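One structure is given below, encoded as structure tokens.
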Amino acid sequence: MPDAEQGYRLPPFTIAGSRNVGVLFVHGFTGSPASVAPWARAVAAAGYTVSVIRLPGHGDDWRAMNATSWREWYYEVDRGVRELLQEVDEIALAGFSMGGALVLRYAAIHPEHVKALLLLNPAVYDPRPALKLTSITRFFMKTLPPSGSDIAKPNPPIHGYRETPVNALHSLRKLWRDLATHLKDVSAPTMLFRSIQDHVVPAASCDMVLRSISSSTKREVLLEKSYHVAALDYDAPFLESKSIEFLREFAPVKL
1 MPDAEQGYRL PPFTIAGSRN VGVLFVHGFT GSPASVAPWA RAVAAAGYTV
51 SVIRLPGHGD DWRAMNATSW REWYYEVDRG VRELLQEVDE IALAGFSMGG
101 ALVLRYAAIH PEHVKALLLL NPAVYDPRPA LKLTSITRFF MKTLPPSGSD
151 IAKPNPPIHG YRETPVNALH SLRKLWRDLA THLKDVSAPT MLFRSIQDHV
201 VPAASCDMVL RSISSSTKRE VLLEKSYHVA ALDYDAPFLE SKSIEFLREF
251 APVKL
């Protein structure tokens, strides 16, 4: 069944390719593998083994997500890496939105495992005052009002929950606080894709990543036609080609 038809219930998947390099893809908050699937499939078509995980509480029901925490999401990334390393010699990590925060944390703690980082509109910081209230609102609000998908293309596929679980959002803020102490330890070559019009993650988040990581190679690529969910938007072909170009430079497939 095509990815778009399965929508946010698309299960995690792996595509076998080169045994020397694998790429782990991590979706974002309230999202699912569907939000990064075309990106991952393009990288697989370039010869890489790819693994697309599904974070706990995602791809099911927003109530299930409200019962999970950032540590469970991070442990799934750790598990995904360990599983992928059973099939390949080296790995690169690709993270979208909150997935960017999770792979940055992994790269900081396990630099020896990560050959390259691909970040798409990474969510590591948000200064909006409303988010600071989750420590209180989570006790009397289960979810924020449904919001639309931030994709410029018309008729976007359903790739995640429309609701925002407040307890999970509070846990996301805890992830950000933890990650802030680790960003300086990220040393892997990094390519950061930033949508000029992102209505979900503020520009300050990408700025914080680029300012804080210690990577000697850190490149920013602007996406001019897409909103937040760029892997499903107008710039998807450009995102895919630049990602493959970067991987071939820092984590090449051996034929």
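Using UniProt numbering, the letters of the sequence shown map in sequence onto residues 1 to 255.
From the three backbone atoms N, C-alpha and C, an ideal C-beta is built for every residue, glycine too.
Please read all numbers here as calculations on a predicted model, not as lab measurements.
| Asked | Found |
| --- | --- |
| Residue 237, DSSP secondary structure in three states | helix |
| Where the alpha helix (DSSP H) through residue 34 begins and ends | Note, residue 34: premise wrong, no alpha helix (DSSP H); not H, not E. |
| Sub-8 Å separation of residue 244 and residue 224 beta-carbons | no |
| Inter-residue Cα distance where the pair is residue 170 and residue 254 | 43 Å |
| Where residue 216 falls: helix, strand or coil (DSSP) | coil |
| Beta-carbon gap between residue 157 and residue 232 smaller than 8 Å | yes |
| Bridge-paired residues (DSSP) for residue 165 | 143 |
| 8 Å Cβ shell around residue 234 - same chain, five flanking residues per side excluded | 152, 153, 225 and 226 |
| Any 3 or more C-beta pairs closer than 8 Å across the segment 164–182 and the segment 105–113 | yes |
| Three CB pairs or more closer than 8 Å across the segment 49–59 and the segment 204–224 | no |
| Beta-carbon proximity of residue 126 to residue 228, cut-off 8 Å | no |
| Rounded straight-line distance, which links the Cα of residue 241 to that of residue 221 | 12 Å |
| Residue 1, buried or exposed, once every other Cβ within 10 Å from all chains shown has been counted against 16 | Caution applies to residue 1, whose pLDDT of 49 falls short of 50 and renders its modelled position unreliable; the model cannot decide the point. |
| Beta-carbon spacing of residue 32, residue 199 below 8 Å | no |
| Selected residue, minimal CA-CA separation from residue 17, among 41, 175 and 26 | 41 |
| Check whether residue 251 and residue 142 have beta carbons under 8 Å apart | no |
| Where the alpha helix (DSSP H) containing residue 107 begins and where it ends | 98–109 |
| Contact set for residue 121: own chain, Cβ-Cβ below 6 Å, skip 5 residues either direction | 97, 195, 198, 201 and 228 |
| From 189, 248 and 203, residue whose alpha carbon lies closest to that of residue 128 | 203 |
| Residue 247 vs residue 101 beta-carbon contact at 8 Å | no |
| Neighbourhood of residue 81 by C-beta distance below 7 Å, restricted to the same chain and skipping five residues each side | 24, 91, 106 and 113 |
| Check whether residue 187 and residue 215 have beta carbons under 8 Å apart | yes |
| C-beta contact flag for residue 64 and residue 57 at 8 Å | yes |
| N- and C-terminal bounds of the alpha helix (DSSP H) containing residue 84 | 70–84 |
| Three-state secondary structure assigned by DSSP to residue 194 | strand |
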